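Worksheet for the structure shown next.
Chains as they are written, first to last, in our numbering: chain A, 665 to 955; chain B, 780 to 1096.
Now the structure itself:
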């Protein structure tokens, strides 16, 4: 314990804080708590309401549930094929993460380690998509999926999500891969490893923090995506959670309690993924090439 | 790991030289092809599902496009564009999209930077506070749009409850059914969900601010606001520019909130360009017209990014 605090001290003297000798810890702590409450407030309210029975939600202002009940969760899960939506979202998010990470890692390695004719051109073609507004894509992607018979298909959404996430992930990973010393790789190659093996066995393990970050971004993007899923999906059994959740909000009657319970269930996985990867990726990732 | 560190000491040039002497013609070919093979899978997906649709959108915008099989799609030149410029709904939507940028982007950036400043240095429980500020970013638009709709509901909404309690306001306001209160609710929602994204970029940028320089300025007697305006802000200029570009592009394409909270109503008065475009395409099936609206917005945004990048290059960032 004593050793540890000593270590902290020496680190602090090596690198003074942003606020120098007056860190204003107490003031910043109060502000931090206020910001956290502001950010989480609406979500905590949602959590609270999810335990309030439906009849008590209609018409009255509810702050704290008067008769807490878990019935909303039971009903939300059993009705409206909610489990189905959950499974669809999980499949789409996982498939998108796996394919995006695989394709982006290979491409990023190519860009980071090789000099070849057309490298700049291809890289900037990728990068240009960061400036391509989504507004350009919805209609032609719908027509394209129609032509490919991938409308109303989970695989179709996976392909669209992969394509839209790829460029930024290539950009992030390229910056990270370029910072890995070349000598590691050459040593690996002396042992006769193929390029694919170098990526899988050397670059990927060394880049886990960056890959965790990329996975988190991609997972939450695919998990939450709304406009494309709304436009492409037609059959209720193929709905993802964001589309399926709208089922609870009817034209005339709204099952608010069930909607909030469903929303809590839909929000938990992405928050868990975020918290897990946040722990992982803290060591050394300062958003790749962004700085 | 131990083997890599011992091997690493060998001079790299020698090992490469030995390898190339051994390699024949075939190996040189595969070596040349390697980077292309690595990039190919990503490039194919990107070309088919992102790059090709971009060109297709511009093409569609010159036709009176129908989705129905067997329908003829006559070429109509620029008439979709002239129609868009005369459509009063497009004018309203463009104005709303512009307001969206002007209202939400500065507030998201200011609060995001403030949060980053609060949490930049070590603080008890800082991982928790950082996670809390970022979590709204990973929530789904569907969930938070309805939560905000519920907070501002005419019956049982907490907003009306608070007004009634503090201001004695007994008349219940139907926030999301009116133009300006509806816009206000959606702006509030957008800002709330956008702060965390600006925050995380600014947090990373503040990490790179030279502490010694800030400390030196303080020792020279600079006040805290001066330290920020003369040392901190200049050294995170690149991040500020990046966040501005990305948030503006995002705000100009607002769709989900509008679709979910007000559905663009009453009478299309809260439509944004993107929500109006989607309505034209997938409710009214005017694909060519919708594509023209989207293309105009996209050209404006691409022009904006180009100018921004150009300015950044000149400033040598």
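Heads up, the beta-carbon is just placed ideally off N, CA and C, and yes, glycines get one too. Remember, it's a predicted structure, so these values are computed and weren't measured experimentally.
Classify residue 855 of chain A: buried if its beta carbon has 16 or more other beta carbons within 10 angstroms, exposed otherwise. Counting from 1 along the first chain, the entry for residue 855 of chain A is found at position 191. When all chains shown are included, residue 855 of chain A counts as exposed.
Give the DSSP bridge partners of residue 904 of chain A, in chain order. Residue 904 of chain A sits at position 240 when you count from the first residue of the first chain. Bridge partners of residue 904 of chain A: none, in fact.
Measuring CB to CB, does residue 875 of chain A end up less than 9 Å from residue 765 of chain A? What you label residue 875 of chain A is simply residue 211 of the first chain in a count that begins at 1. What you label residue 765 of chain A is simply residue 101 of the first chain in a count that begins at 1. The answer is yes: Cβ separation under 9 Å.
Any idea if residue 956 of chain B is buried or exposed, counting beta-carbon neighbours within 10 angstroms, 16 or more meaning buried? The residue you call residue 956 of chain B lines up with position 177 of the second chain. Classification of residue 956 of chain B: exposed, given that the 10 Å Cβ count is below 16.
Rounded separation between residue 1063 of chain B and residue 876 of chain B - CA only: On the second chain, position 284 is the one that residue 1063 of chain B refers to. On the second chain, position 97 is the one that residue 876 of chain B refers to. Going from the Cα of residue 1063 of chain B to the Cα of residue 876 of chain B covers about 21 Å.
With contact counted as at least three CB pairs below 8 Å, one residue from each stretch, are the region 928 to 935 of chain B and the region 928 to 937 of chain A in contact? no
Using Cβ-Cβ distances below 9 Å, what residues of the region 875 to 901 of chain B are close to chain C? No chain C appears in this structure, whose protein chains are A and B.
Roughly how many whole angstroms lie between the Cα atoms of residue 928 of chain B and residue 961 of chain B? Locating residue 928 of chain B in the second chain gives position 149, counting from the first residue. Locating residue 961 of chain B in the second chain gives position 182, counting from the first residue. Cα-Cα distance, rounded: 9 Å.
How would you list, in chain order, the residues of chain B whose beta-carbon sits under 8 Å from the beta-carbon of residue 811 of chain A? As a working mapping, residue 811 of chain A is identified with position 147 in the first chain. Chain B residues near residue 811 of chain A: none, gap ~10 Å exceeds 8 Å.
Using 9 Å as the limit for Cβ to Cβ distance, is residue 805 of chain A near chain B? The sequence position of residue 805 of chain A within the first chain is 141, counting from 1. Closer than 9 Å to some Cβ of chain B, the Cβ of residue 805 of chain A qualifies, so yes.
Determine the direct distance from the alpha carbon of residue 773 of chain A to that of residue 870 of chain A, and round the result to whole angstroms. Along the first chain, read from residue 1 onward, the residue named residue 870 of chain A stands at position 206. Along the first chain, read from residue 1 onward, the residue named residue 773 of chain A stands at position 109. Between residue 870 of chain A and residue 773 of chain A, the C-alpha separation is close to 13 Å.
Given this structure, state the Cα-to-Cα distance separating residue 1002 of chain B from residue 896 of chain B, to the nearest angstrom. Reading the second chain from its first residue, position 223 is the one you call residue 1002 of chain B. Reading the second chain from its first residue, position 117 is the one you call residue 896 of chain B. Looking at the two C-alpha atoms, the distance is approximately 16 Å.
Residue 1055 of chain B beta carbon less than 9 Å from that of residue 859 of chain B: Against the second chain, residue 859 of chain B aligns to sequence position 80. Against the second chain, residue 1055 of chain B aligns to sequence position 276. No. Outside cutoff.
Just by C-beta distance, which residues in the region 690 to 703 of chain A are closer than 7 Å to chain B? 692, 693, 695, 696, 699, 700 and 703
Are the Cβ atoms of residue 831 of chain A and residue 794 of chain A separated by less than 9 Å? Here residue 831 of chain A is taken as the residue at index 167 of the first chain, counted from 1. Here residue 794 of chain A is taken as the residue at index 130 of the first chain, counted from 1. Yes, they are a contact pair.
Considering only heavy atoms of the ligand FMN, does any lie closer than 8 Å to the CB of residue 877 of chain A? Ligands displayed in this structure: none; no statement on the ligand FMN is therefore possible.
With a CB to CB cut of under 6 Å and the five nearest residues on each side skipped, what residues in its chain are close to residue 1088 of chain B? Counted from its first residue, the second chain places residue 1088 of chain B at position 309. Cβ within range, chain order: n/a, list empty.
Specify, as a first and last residue, the run of the alpha helix (DSSP H) that residue 1050 of chain B falls within. The residue given as residue 1050 of chain B occupies position 271 in the second chain. Counting along the chain, residue 1050 of chain B falls outside any alpha helix (DSSP H), and DSSP gives it neither H nor E.
Residue 806 of chain A versus residue 815 of chain A - alpha carbon distance: Taking the first chain and counting its residues from 1, one reaches residue 806 of chain A at position 142. Taking the first chain and counting its residues from 1, one reaches residue 815 of chain A at position 151. Near 7 Å, if we compare the C-alpha coordinates of residue 815 of chain A and residue 806 of chain A.
What residues are listed by DSSP as bridge partners for residue 728 of chain A? Mapped onto the first chain, residue 728 of chain A falls at position 64. Note: residue 728 of chain A sits in no beta bridge, so no partner.
Short CB-CB distance (under 9 Å) between residue 920 of chain A and chain B: Locating residue 920 of chain A in the first chain gives position 256, where the first residue counts as 1. By this cut-off, residue 920 of chain A is an interface position.
Output the residue ranges of the alpha helix (DSSP H) runs that lie fully inside the region 897 to 921 of chain B and measure 4 residues or longer, sorted by chain position. 905 to 917
Please name the residue in B:815, B:1028 and B:900 whose C-alpha comes closest to that of residue 782 of chain A. As a position in the first chain, residue 782 of chain A is number 118, starting the count at 1. Nearest C-alpha to residue 782 of chain A: B:815.
Show which residues of chain A have a CB atom less than 7 Å away from the CB atom of residue 1050 of chain B. Here residue 1050 of chain B corresponds to residue number 271 of the second chain, with the count starting at 1. The contacting residues do not exist; residue 1050 of chain B stays about 13 Å from chain A at best.
Nearest by alpha-carbon distance to residue 906 of chain A: which of B:975, B:945, B:1076 and B:917 is it? The count along the first chain starts at 1 and reaches residue 906 of chain A at position 242. Answer by Cα proximity: B:917.
Please look up how many angstroms separate the CB atoms of residue 988 of chain B and residue 996 of chain B, rounded, as I've assumed it's under 8 Å. Here residue 988 of chain B is taken as the residue at index 209 of the second chain, counted from 1. Here residue 996 of chain B is taken as the residue at index 217 of the second chain, counted from 1. Incorrect: roughly 12 Å between the Cβ atoms, too far for contact.
Consider the Cβ of residue 908 of chain B: report whether some Cβ of chain A lies at a distance smaller than 9 Å. Translated into the one-based positions of the second chain, residue 908 of chain B becomes position 129. Output row for residue 908 of chain B: interface = yes.
Within chain B, partners of residue 752 of chain A - CB distance below 8 Å: Along the first chain, read from residue 1 onward, the residue named residue 752 of chain A stands at position 88. Per Cβ cutoff of 8 Å: no residues; residue 752 of chain A is ~14 Å from chain B at best.
Quick one: measure Cβ to Cβ for residue 847 of chain A and residue 866 of chain A, integer angstroms, because I've assumed they're closer than 8 Å. The residue given as residue 847 of chain A occupies position 183 in the first chain. The residue given as residue 866 of chain A occupies position 202 in the first chain. Rounded, the Cβ-Cβ distance is 11 Å, inconsistent with contact.
Label residue 1038 of chain B either buried or exposed according to how many other C-beta atoms from any shown protein chain fall within 10 Å of its C-beta, with 16 as the threshold for buried. Walking along the second chain from the start, residue 1038 of chain B turns up at place 259. Buried is the call here.
Counting only beta-carbon separations shorter than 9 Å, does residue 943 of chain A have a partner in chain B? Within the first chain, numbered from 1, the residue matching residue 943 of chain A stands at position 279. Judged by the 9 Å Cβ criterion, residue 943 of chain A is in contact with chain B.
Cβ of residue 786 of chain A within 9 Å of any chain B Cβ: For the purposes of this step, residue 786 of chain A is taken as residue 122 along the first chain, with counting starting at 1. Cβ-Cβ to chain B under 9 Å: yes for residue 786 of chain A.
If you follow the alpha helix (DSSP H) that residue 918 of chain A is part of, which residue opens it and which one closes it? The sequence position of residue 918 of chain A within the first chain is 254, counting from 1. First-last for residue 918 of chain A: undefined, no H or E at that position.
9 Å Cβ cutoff, residue 994 of chain B in contact with chain A: Here the question's residue 994 of chain B lines up with position 215 in the second chain. Chain A, which has a Cβ nearer than 9 Å to the Cβ of residue 994 of chain B, makes this yes.
Consider the Cβ of residue 903 of chain B: report whether some Cβ of chain A lies at a distance smaller than 9 Å. Mapped onto the second chain, residue 903 of chain B falls at position 124. It does; some Cβ of chain A falls within 9 Å.
Taking the CB atoms as reference points, tell me whether residue 898 of chain B and residue 799 of chain A lie closer together than 9 Å. As a working mapping, residue 898 of chain B is identified with position 119 in the second chain. As a working mapping, residue 799 of chain A is identified with position 135 in the first chain. Against a cut-off of 9 Å, the Cβ pair of residue 799 of chain A and residue 898 of chain B comes out as no contact.
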